[in-house]
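Numbering (our numbering), first residue to last: 188 to 388.
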Amino acid sequence: MTVDDHEVFRDGVAAMIETQEDMQLVAEAASGFEAVDLFRRCKPDITLMDLRLPDISGLEAIVRIREACPTAKTIVLTTYKGDVQALKALKAGAYAYLLKSMLRLYMLDTIRTVHAGHRRIPPEIASEMAEYAADDALSAREVEVLMAVSTGNANKVIAGRLHISEDTVKAHMKNILSKLGAKDRTHAVTIAMRRGFLDPL
């Protein structure tokens with residue numbers, strides 16, 4: 188089953204699968220809720236899931252599908268290559284994480300690998316995850332502060348919005364800079380966006 192809100196992308200995936208004797212596309216969904224519903228009805232061996240969907244996120248859809256069927260195998264297909272997003276997907280229960288730009292190289296082989304019960308992360312993403320594996324993750328509050336910083340807010344405005352003191356905002360920023368190895372606020376936002384901390388998924 189493919190899950191993506193872009194019909195052209197689903198058509199491209201379908202065309203690749205149609206050429207394979209050992210694969211059959213049994214369902215296509217354009218949203219997270221539709222994916223959960225179709226999974227229950229069609230019970231596909233493999234689900235190809237986009238992360239950014241118009242209703243619930245792909246991560247939420249994976250969680251709901253696995254609640255209905257704990258053995259469900261999902262491959263995430265996304266444009267987001269940050270190590271944080273990949274880790275979230277794997278924790279949600281995804282078996283593999285592929286960038287859409289990698290489909291021609293890896294998709295068919297990854298489907299077979301996952302069907303055999305194995306996990307798959309391309310070297311490009313695995314090396315990024317390994318690079319940051321020992322780092323302290325940003326707390327939920329630190330992410331909130333950085334989100335507010337990313338839209339150009341001063342500490343005083345952030346403090347008011349989050350109902351904390353300005354000193355607390357400054358303390359959070361000090362921790363954020365340290366954890367991300369950033370030189371200043373702008374650098375911290377740039378790093379956080381690249382790694383996927385600021386994506387709402």
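We put the CB at the ideal spot given by N, CA and C, even for glycine.
Please classify residue i: does DSSP put it in a helix, a strand, or coil?
i, result
"Glu194", "helix"
"Glu215", "strand"
"Arg227", "helix"
"Thr206", "coil"
"Gly199", "helix"
"Leu385", "coil"
Considering only DSSP beta bridges, list what residue i is partnered with.
i, result
"Thr189", "Glu215, Leu235"
"Leu286", "Thr265"
"Arg307", "Ala283"
Assuming residue i and residue j make a contact with CB atoms under 8 Å, what is their CB distance in whole Å?
i, j, result
"Ile312", "Tyr284", "6 Å"
"Val356", "Ile345", "5 Å"
"Leu286", "Lys268", "5 Å"
"Gly280", "Thr261", "7 Å"
"Asn342", "Glu331", "About 13 Å; that fails the 8 Å criterion."
"Ala379", "Leu333", "5 Å"
"Leu325", "Lys370", "Going by Cβ atoms, the distance from Leu325 to Lys370 rounds to 17 Å, so no, they are not a contact pair."
Practice task
Output the residue ranges of the alpha helix (DSSP H) runs that lie fully inside the stretch 233-271 and measure 4 residues or longer, sorted by chain position.
Solution key: 245-255
Problem - Contained alpha helix (DSSP H) runs [length at least 4] in the stretch 310-372, N- to C-terminal order - result: 310-319, 327-337, 342-349, 353-367
Practice task
Say whether the stretch 209-220 touches the stretch 232-250, bearing in mind that this needs 3 or more beta-carbon pairs closer than 8 Å, one atom from each stretch.
Solution key: yes
Exercise for the section: Examine the Cβ distances between the stretch 239-252 and the stretch 217-228 and report whether three or more of them are shorter than 8 Å. Expected result: yes
Problem - Segment contact flag, the stretch 359-373 with the stretch 297-306, C-beta cutoff 8 Å, min 3 pairs - result: no
Exercise for the section: Count the CB pairs spanning the stretch 203-212 and the stretch 267-284 that are closer than 8 Å, and state whether there are at least three. Expected result: no
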